[in-house]
Amino acid sequence: MSALPIPTPMPPLLGPHWPNRFASLGADFFTELPPQGLPDPHWVAWSADCAQLLGLPGEPPSDARLLAALSGNLAEAPMQPLASVYSGHQFGVWAGQLGDGRALWLGELQTPAGPMEIQLKGAGLTPYSRMGDGRAVLRSSIREFLASEAMHALGVPTTRALSITGSALPVRREEIETAAVVTRVAPSFIRFGHFEHFAHTEPNVDALRRLVDFVIDIGYPECRDAAQPAVALLEAVARRTARLMADWQAVGFCHGVMNTDNMSILGLTIDYGPYGFLDAFDPGHICNHSDHQGRYAYARQPNVAFWNLHALAQALLPLIDDQEAALEALEPYKTEFAATLDARMAAKLGLAAAQDGDRALAEGLLQRMAADRADFSITFRRLAGFDSRDGATNDALRDLFIDREAFDAWARNYAARLRSEGSVDAERALRMNRVNPKYVLRNHLADTAIRAARGGDFSEVQRLLKVLSAPFDEQPEHAAYADFPPDWAQHIEVSCSS
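Quick note, the working numbering runs 782 ahead of the 1-based positions in the sequence shown.
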């Protein structure tokens, strides 16, 4: 008698337990609807690291049902596909009702890191698509997938990306492109704009209170017993946002569209559209070709985040006794940002203990880098090899600067600072290489992967993901990914359709 086949366990993503805590907020917050799937979908990319978080295999599964589910072709019970409604300020102007115009929440999975929401981006029209088609294209999907996982590997708080599925389905942007779906993962996708939606014009105080309670429960339990939970939440969000902005500045990341509807209430990097990592250092760098006024330029990001927090505070006022309490809750943003950035820069310089003058030392280097357009990532990586002995020339680092005498003056101050704390160069180099990445997602690297993928070759997407998953390692076999960008990279433009 032949043995009965052993049933294959159902992947967790298609398992029987699909809670969706967001749905408990009530029908005012969302619209339930099924996704519009991709015809004849195929795997484009798969994050083994994110898959492990969800209890899935490290390689794209052969399970056709999982491919269908992550392409929007399978929405069976107990999934609860829904699109949420929110509002917001876009480029500093009130934009009114917005919402998940091309994203659907499927529900949640329990993970060792806590509940994680699963969301499909590019799964078709929703009531909030406005003039859009509800689709994502292969190009933008690759950019979001790679950035999500690259930022996680850098230690920057972010939403995650599990996979990309693609299809030959045509989608019109500036030209005809093909459709794709990104599976995004996060503890929550709630934004500042969710609060603004229920506070504008005629505040829905009950909905605001439910939303505050919900966010406290999922992300800020320490605020529960505060005298004014909404004030405590506002301060906690301000602090997290401040730390996020310091993280962005420290790795040279530009978001590109820091609208209030693109600001995570949990202090995560969210919505990767026209983003960019700095090549030549320029504090005024604008990564979004659509940002004609430079509102979201690199150096302006911390102030924009503070502005967005004021918009959040305004939305929470119906739950706060007085405006002064809300303003006071935002004040810690300034000190939290400054302290976090000082700590990040001290680590990037390899300083073991804080001393007076450290901020000026860091600013002095950034000024020299800006004046000579030194490459951001390469400069800090080479700085790890700085020789602090008297008379050392440090040619590999010095060659990045045009004004050698100005660099030499800074280098003498840096060497004296290192000697003042008895810094050992070899030990310092190890510390610095753990915080100064060798590999970042430069635009030309993403562009190369996208060009190959458009031709049907997805191997470069996976190869680049592998490199970016270990950004601080030397990876000599992939050293070319850490080179200076080619001349043609200067002409890459990304916009709000990217």
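Cβ coordinates follow ideal geometry from the N, Cα and C atoms, glycine included.
Burial state of LYS1116 (16 or more Cβ within 10 Å): exposed
Assumed close pair LEU1247, PHE1059 - CB separation to whole angstroms, cut-off 8 Å: The pair is not a contact, with the Cβ atoms about 15 Å apart (cut-off 8 Å).
Same chain only: Cβ atoms within 6 Å of GLU926, ignoring 5 sequence neighbours per side: VAL964, TYR1054
Those runs of the beta strand (DSSP E) which lie wholly inside the region 817-870 and span at least 3 residues: DSSP runs (the beta strand (DSSP E)) wholly in the region 817-870: 824-828, 864-866.
Reference PRO821; option with closest CA among VAL867, THR960, SER866, GLN862: THR960
Neighbourhood of MET783 by C-beta, 8 Å cutoff - its chain only, sequence neighbours within 5 removed: Summary for MET783: the model assigns pLDDT 39, below 50, so the residue's position carries little reliability, and this model does not support an answer.
SER1170 (DSSP reduced to helix, strand or coil): coil
Alpha helix (DSSP H) runs contained entirely in the region 1017-1082, provided each spans 4 or more residues: The qualifying runs do not exist here; there are none.
PRO1084, DSSP secondary structure in three states: helix
Residue closest to ASN1225, alpha-carbon to alpha-carbon, out of VAL919, ASP1269, ARG1236, ARG1213: ASP1269
CB contact flag (GLN935, LEU1250, <8 Å): Sequence check: residue 935 is Ala here, not Gln. Yes, they are a contact pair.
Buried versus exposed, by CB contacts within 10 Å (16 or more), TRP887: buried
Cutoff 6 Å; reference TRP800; Cβ partners in own chain excluding five residues on either side: Excluding positions up to five away in sequence, the list reads PRO860, MET861, GLY889.
Host beta strand (DSSP E) of ALA1107 (start-end): Here ALA1107 belongs to no beta strand (DSSP E); instead the alpha helix (DSSP H) covers 1105-1112.
8 Å Cβ cutoff met for ARG1164 and LEU1182: yes
Beta-carbon proximity of CYS832 to GLU931, cut-off 8 Å: yes
Neighbourhood of THR947 by C-beta distance below 7 Å, restricted to the same chain and skipping five residues each side: LEU820, PRO823, HIS824, TRP825, VAL826, LEU849, LEU852, SER853, ALA962, VAL963
DSSP-derived helix/strand/coil call for GLU959: strand
Within 8 Å, strictly: CB atoms of LEU815 and ALA865: yes
Those runs of the alpha helix (DSSP H) which lie wholly inside the region 1200-1265 and span at least 4 residues: 1207-1215, 1225-1236, 1241-1250
Cut-off 6 Å between Cβ atoms - residues of its own chain near SER911, not counting five sequence neighbours on either side: GLY883
PHE987, enclosing alpha helix (DSSP H) - first and last residue: For clarity, residue 987 is Val in the given sequence; the question names Phe instead. Element bounds for VAL987: 987-1001.
7 Å Cβ shell around PRO793 - same chain, five flanking residues per side excluded: LEU838, PRO843, ASP845, LEU848
Buried versus exposed, by CB contacts within 10 Å (16 or more), ALA1228: Result: buried.
Burial state of MET1214, where buried means 16 or more other Cβ atoms lie within 10 Å: buried
Residue environment, GLY904, which counts as buried when at least 16 other CB atoms sit within 10 Å: Burial state of GLY904 is buried, judged by a 10 Å Cβ sphere holding 16 or more other Cβ atoms.
Cβ-based neighbour list, ARG1141, same chain, cut-off 7 Å, excluding 5 preceding and 5 following: ASP1124
Backbone secondary structure at VAL964 - three-state DSSP: If DSSP states are grouped into helix, strand and coil, VAL964 belongs with the strands.
Residue environment, LEU1109, which counts as buried when at least 16 other CB atoms sit within 10 Å: exposed
Boundaries (first-last residue) of the alpha helix (DSSP H) holding ALA1142: ALA1142 -> alpha helix (DSSP H) spans 1140-1154.
GLU890, DSSP secondary structure in three states: strand
Exposure label - ALA885; buried when at least 16 CB within 10 Å: buried
Pair within 8 Å by beta-carbon distance, PRO817 and GLY906: yes
Segment limits, beta strand (DSSP E) that includes ARG942: 942-954
Cα-Cα separation between TRP828 and HIS976, rounded to whole angstroms: 30 Å
Alpha helix (DSSP H) segment containing ALA929, residue limits: In this chain, the alpha helix (DSSP H) harbouring ALA929 covers 920-936.
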